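Asks: Position 165 (the sequence shown) corresponds to 164 in numbering that gives the first Met the number 0; numbering is contiguous.
Here a beta-carbon is modelled for each residue, glycine too, at the ideal position from N, C-alpha and C.
The model shown is predicted, which means the values in this text are computed figures rather than measured ones.
Structure in structure tokens, see below.
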Amino acid sequence: MTIQNTLLPIHKGSLQPHWIATAKSKGFDIVARVVDRLHLALRCHQCGALNKVRLFTLMNSQPNCSACIEQVWASDAAAAGLEFLSRDPKNRHYGLYRAACGHQLRRQFELIKRVAALQTGVRCETCHAASEIGVAQARGWHLLCPDPEGDQNYRLYKHMDCGHEQRVARVNMQTGRFGCGGCSEDWVAAPSFLYAMSFTLSNGRELVKLGFSRDPGSRLRYQLQRDMDMPCAILRQIPMATGQDAIRLEKRLHAKLLREHADCVVDPASYRTQIRVKSEIYDARLTKTILGHLDKIEVQAA
């Protein structure tokens, strides 16, 4: 008799009536005695699959059907966006899965159940590693290896321009909010930008922000935008030779706007749940004025 792709010998011996009754009460039919006097072949009422079960287990606890369990694992995997391949032969708490990208993953069954319930997520290490390499290269760095100090939030990188190697937090590599310890300039001396950004709050109110940053895109996405569904955009960004020039002109502009358009200053309480900043936000009717000032600065800086 073949059970789960394994050929098992039939054991000659009678089936006791109370064994048969117990099996039926627990969702199985006894097909035969297998291997030895201590094992039975049980057919599951639910799916019809055969299972090798110890007689002691049948009589003293609830046997499990391996096929039904695997069907649950497969259903959980499908709900999590994965394909169940098999149980991990090295650890009964883990399964092997194929991700949508085609790579094979090894995960705990309980984790996949949580993913299926939308309580957490799952990612492919191979694809994630390739993504981290791409992010580093876009910033001008080579990803060398995991953090030498063992911190999973850091990686060791090498600067393409000067060859300097340093630990960088993964989130900082994504946002670009770090400098090279070998050759980078202090922000005061490094190039920067003046920018104007627009925001539309959930209540429909439109706002405009004037500010400076060496990376306005990163500033918007990773620092200012608390509500990721909020419509927002960079309206203008004017390059400045240094951060010192940028902050000097920014402060001058804010002082002018406060003097001449105090009624356009917006109370932070109205946007604090969607924008991560405490000031320098104006009503959108000041947008044209702010862009006009930036145009003049751009002409003067040219």
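Buried or exposed: where does L117 fall if 16 or more other Cβ atoms within 10 Å of its Cβ makes it buried?
Replies: Counting Cβ neighbours within 10 Å, L117 comes out exposed, since fewer than 16 surround it.
Asks: Reducing DSSP to helix, strand and coil, say where P16 ends up.
Replies: Helix.
Asks: H253 by DSSP, collapsed to three states: which one?
Replies: Residue state, collapsed to three classes: helix.
Asks: In terms of residue numbering, what span does the beta strand (DSSP E) encompassing D28 cover?
Replies: Run containing D28: 27-32, per the beta strand (DSSP E) assignment.
Asks: Whole alpha helix (DSSP H) runs in the region 33-118 with 4 or more residues, listed along the chain?
Replies: Here the runs fully enclosed are 54-59, 65-78, 108-115.
Asks: Between which two residues does the alpha helix (DSSP H) harbouring A168 extend?
Replies: Element bounds for A168: not the alpha helix (DSSP H) but the beta strand (DSSP E), 164-168.
Asks: Buried or exposed: A195, going by 16 or more other Cβ atoms within 10 Å of its Cβ?
Replies: With 16 or more other Cβ atoms within 10 Å, it is buried.
Asks: Spell out a yes or no on whether the region 129-142 and the region 97-111 are touching, meaning 3 or more CB-CB pairs, one atom from each, closer than 8 angstroms.
Replies: No: fewer than three Cβ pairs fall under 8 angstroms.
Asks: To which residues of the same chain is L95 closer than 7 angstroms at the C-beta, ignoring the five residues directly before and after it?
Replies: Cβ neighbours of L95 beyond the five flanking positions: L84, S85, D87, Q103, R105.
Asks: Name the residue from H141, D160, E279, P238 whose alpha carbon lies nearest to the alpha carbon of F198.
Replies: Ranking H141, D160, E279, P238 by Cα distance to F198 puts E279 first.
Asks: Taking R166 and Y153 to be in contact with their CB atoms under 8 angstroms, please state how far apart those CB atoms are, rounded to whole angstroms.
Replies: Correct: roughly 5 angstroms between the Cβ atoms.
Asks: Could you tell me the distance, in whole angstroms, from the CA atom of R122 to the CA atom of N90?
Replies: For R122 and N90, the distance between alpha carbons rounds to 21 angstroms.
Asks: What residue from P62, G47, A48 has the CA that sits closest to L54's CA?
Replies: Taking only the C-alpha atoms, the option nearest L54 is P62.
Asks: Which value, in whole angstroms, describes the spacing of the CA atoms of S60 and R97?
Replies: Their backbone Cα atoms lie some 34 angstroms apart in a straight line.
Asks: With distances taken Cα to Cα, identify the nearest neighbour of G47 among I233, R213, Q70, Y156.
Replies: For the residues I233, R213, Q70, Y156, the minimum Cα distance to G47 belongs to Q70.
Asks: Hey, R225 and Q151 are a contact pair by Cβ (cut 8 angstroms); roughly how many whole angstroms apart?
Replies: The pair is not a contact, with the Cβ atoms about 26 angstroms apart (cut-off 8 angstroms).
Asks: Can you tell me whether N50 is buried or exposed? The criterion is at least 16 other CB atoms within 10 Å of its CB, across all chains shown.
Replies: Result: buried.
Asks: Taking all protein chains shown into account, decide if T1 is buried (16 or more other Cβ within 10 angstroms of its Cβ) or exposed.
Replies: Result: exposed.
Asks: Where does E249 land, buried or exposed, given buried means 16+ other C-beta within 10 angstroms?
Replies: So E249 counts as buried.
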